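K.L.:
Got a structure for you, written out below as structure tokens; questions coming shortly.
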Amino acid sequence: MQELFIDTPDKLQQLCEQLSGSEWLALDTEFLREKTYYSKFCLLQIANHRVAAAVDPLQIDDLSPLLNLLNDPGITKVFHAGRQDLEIFHQIWGTLPAPLFDTQLAATLIGLGNQIGYAALVKGLLNVDLDKGHSRTDWSLRPLSPEQQRYALDDVIYLGQAYMKLNTELHKLGRIPWLADDFNTLASAETYQINPQQQWQRIRGRQNLKGVQLAVLQALAAWRETKAMESDRPKNWIIKDDILLELSRRKPKDMQQLANIRGLEVRTAERHGKKLLSLIAVAGGLPQRQWPEEKNQRIRLTVEQDALADILMSVLRLRAKEQRFSPQALATRKELEQLAIGSRNTGVLTGWRREVIGNDLLKVMEGTLWPQWRSGKIELVPQR
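Sequential numbering from 1 applies to the sequence shown in UniProt numbering.
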């Protein structure tokens, strides 16, 4: 395989000509985000079955020749756990490559586990042990060492090989169509659009708040998100999650009460104190109908509902074993609890998961399908 390092516009143009007409392209990115809100794009790796290249965006201002490849509907763009890579493409170009194939999602459908890492995927499919020594490299530093270049190229060389094996196996199993919804979501610009008003739902510990406290948290988190985007600084550099939670819980009314919030830096209070108090006052005065709802609060089950969730879990494990899935790839315990209390708005009843397990779970609840112990094993038996 030809291996290239692309650091000039002419080399990039030649590479794009070499790769045009490919059936598929394996893609990966290296980036930094420790000191910024937006990812700093440091390296693009791209390969087909003949050529593997590392493209240096820090040396090439105009990357537009790549767009023809990324937007070519005849070329499948292959990623592993590609959401962050695609976020970078959307950030830079405002567009997303399509069609897509994500090997992490695909691996789930042949029994390799839920959210498998790239090194584990390559080991499982290709029996190759990858060097993990540069996973924490500062990719913005130049020049890249030969070892760094080797690490970067391996990310796409073996990705292409893994894709071909996965694609072949999924075609044999007839499961390629099952991936359509997940791949379409990955390729949708809506997936990467940031709504500041929804960022409160990403804060751990919010489940301990209730009522108007959640309205305050929503307002504070939205303000912080907007501030981070405007200044291109990490959110926690502006104000940390635990401080937002404490502000939402205690709802200070003046600068003295604000100063008593444990952990709130004096500098932050001086710079943003008036704005924080204003946000807290406005959100704290909202009527109940405008309070946000925490959808991830633990479901309170009756004894009967808890027992039903246990039965559904046993059915899930049985089907997962038969179909070579990890149970977690099909449904979580929480989704089964939602079914047990009567909810039908859950992921296990959508897409391919409904076909594999969702319909059977509904039949169990309706009494038309039931697990029975037969000849030393559990079977699902239709009921009349």
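Even for Gly, the Cβ is constructed at its ideal location relative to N, Cα and C.
Quick caveat: nothing in here was measured; it's all calculated off a predicted structure.
May I ask you to report which of helix, strand or coil DSSP gives R224?
P.N.:
R224: helix per DSSP, three-state reduction.
K.L.:
What do you reckon, are the CB atoms on P57 and F41 nearer than 7 Å?
P.N.:
Contact flag set, yes.
K.L.:
Can you look up A47 in the DSSP assignment and give me helix, strand or coil?
P.N.:
A47: strand per DSSP, three-state reduction.
K.L.:
From what residue to what residue does the beta strand (DSSP E) around residue 425 run?
P.N.:
Beyond the ends of the chain as shown, which are 1 and 384, falls residue 425; an answer cannot be given.
K.L.:
For the pair the stretch 130-141 and the stretch 165-173, tell me if three or more CB-CB distances fall below 8 Å.
P.N.:
Output reads no: the stretch 165-173 does not touch the stretch 130-141.
K.L.:
Ignore the nearest five residues each way along the sequence and tell me which others in Q18's own chain have a CB closer than 7 Å to its CB.
P.N.:
These residues qualify, in order along the chain: V51.
K.L.:
In the DSSP assignment, find the alpha helix (DSSP H) that holds D154 and state where it starts and stops.
P.N.:
Taken as a continuous stretch (DSSP letters only), the alpha helix (DSSP H) holding D154 covers 146-173.
K.L.:
Assuming residue 433 is part of the alpha helix (DSSP H), what are its boundary residues?
P.N.:
Past the edges of the chain, shown from 1 to 384, lies residue 433, and the structure says nothing about it.
K.L.:
Using the Cβ count rule (16 or more neighbours within 10 Å means buried), how would you classify R224?
P.N.:
By the neighbour-count rule (16 or more Cβ atoms within 10 Å), R224 is buried.
K.L.:
Report all residues from its chain with a CB closer than 7 Å to the CB of L186; omit the five preceding and five following residues, and keep chain order.
P.N.:
G82, R83, L86, L100, D102.
K.L.:
Nearest-angstrom Cα distance between L66 and A189?
P.N.:
Near 19 Å, if we compare the C-alpha coordinates of A189 and L66.
K.L.:
Which of the three DSSP states, helix, strand or coil, is assigned to I299?
P.N.:
Residue state, collapsed to three classes: coil.
K.L.:
With a threshold of 16 other CB atoms inside 10 Å of the CB of P177, please say whether the residue is buried or exposed.
P.N.:
Exposed, because fewer than 16 other Cβ atoms sit within 10 Å of the Cβ of P177.
K.L.:
Would E337 and A309 be called neighbours here (beta carbons separated by less than 7 Å)?
P.N.:
Yes, Cβ-Cβ distance for E337 and A309 is below 7 Å.
K.L.:
Considering only C-alpha positions, which residue in the set Q149, D154, R33 is nearest to D129?
P.N.:
With distances taken between Cα atoms, D129 lies closest to D154.
K.L.:
Taking all protein chains shown into account, do 16 or more other C-beta atoms lie within 10 angstroms of the C-beta of W24, making it buried, or fewer, making it exposed?
P.N.:
Answer is buried; the Cβ neighbour count reaches 16.
K.L.:
Is DSSP giving K377 helix, strand or coil here?
P.N.:
Strand, per DSSP.
K.L.:
Which stretch, first to last residue, makes up the beta strand (DSSP E) that contains Q2?
P.N.:
From DSSP, the beta strand (DSSP E) with Q2 extends over 2-6.
K.L.:
Would you kindly check if the distance between the Cβ of V315 and the Cβ of P382 is under 7 Å?
P.N.:
Against a cut-off of 7 Å, the Cβ pair of V315 and P382 comes out as no contact.
K.L.:
Per DSSP, what kind of secondary structure is F325 in: helix, strand or coil?
P.N.:
If DSSP states are grouped into helix, strand and coil, F325 belongs with coil.
K.L.:
Can you tell which of I238, L245, K240, I194 has the C-alpha that lies nearest to the C-alpha of A215?
P.N.:
The candidate whose alpha carbon is nearest that of A215 is L245.
K.L.:
Taking Cβ positions, are A221 and W200 nearer each other than 7 Å?
P.N.:
Yes, the Cβ-Cβ distance between A221 and W200 is below 7 Å.
K.L.:
Can you pull the DSSP bridge partners for W370?
P.N.:
W370 pairs with V381.
K.L.:
Out of L112, K77, I92, state which residue places its alpha-carbon closest to the alpha-carbon of A98.
P.N.:
Nearest option by C-alpha distance: K77.
K.L.:
If T36 and D232 are in contact, beta carbons under 8 Å, what's the gap, nearest whole angstrom?
P.N.:
So it is a contact: roughly 5 Å between Cβ atoms.
K.L.:
Which of the three DSSP states is assigned to E34 in this structure?
P.N.:
Of the three classes helix, strand and coil, the one that applies to E34 here is coil, per DSSP.
K.L.:
Return the CA-CA distance between T8 and N195, expressed in angstroms with no decimal places.
P.N.:
Cα-Cα distance, rounded: 37 Å.
K.L.:
From the DSSP output, in three-state form, read off K240 for me.
P.N.:
It is coil, neither helix nor strand.
K.L.:
Helix, strand or coil: which one does DSSP assign to T95?
P.N.:
Three-state result, T95: coil.
K.L.:
With distance defined between alpha-carbon atoms, name the residue in W352, T332, L312 nearest to K363.
P.N.:
It is L312.
K.L.:
With a threshold of 8 Å on Cβ separation, who are the neighbours of L121 within its own chain once the five nearest residues in sequence on each side are excluded?
P.N.:
Only H80, T103, Q104, A107, L112, A162 meet the Cβ criterion.
K.L.:
Please classify L141 as buried or exposed, where buried requires at least 16 neighbouring CB atoms within 10 angstroms.
P.N.:
So L141 ends up on the exposed side.
K.L.:
For L121, name the three-state secondary structure that DSSP assigns.
P.N.:
DSSP places L121 in helix when its eight states are reduced to three.
K.L.:
Leaving out the 5 sequence neighbours to the left and right, which residues in its chain are closer than 8 Å to A281 when beta-carbon positions are compared?
P.N.:
Here the set comprises K253.
K.L.:
Leaving out five residues before and five after Q2 in sequence, what residues of the same chain have Cβ atoms less than 6 Å from its Cβ?
P.N.:
So the qualifying residues of the chain are V51.
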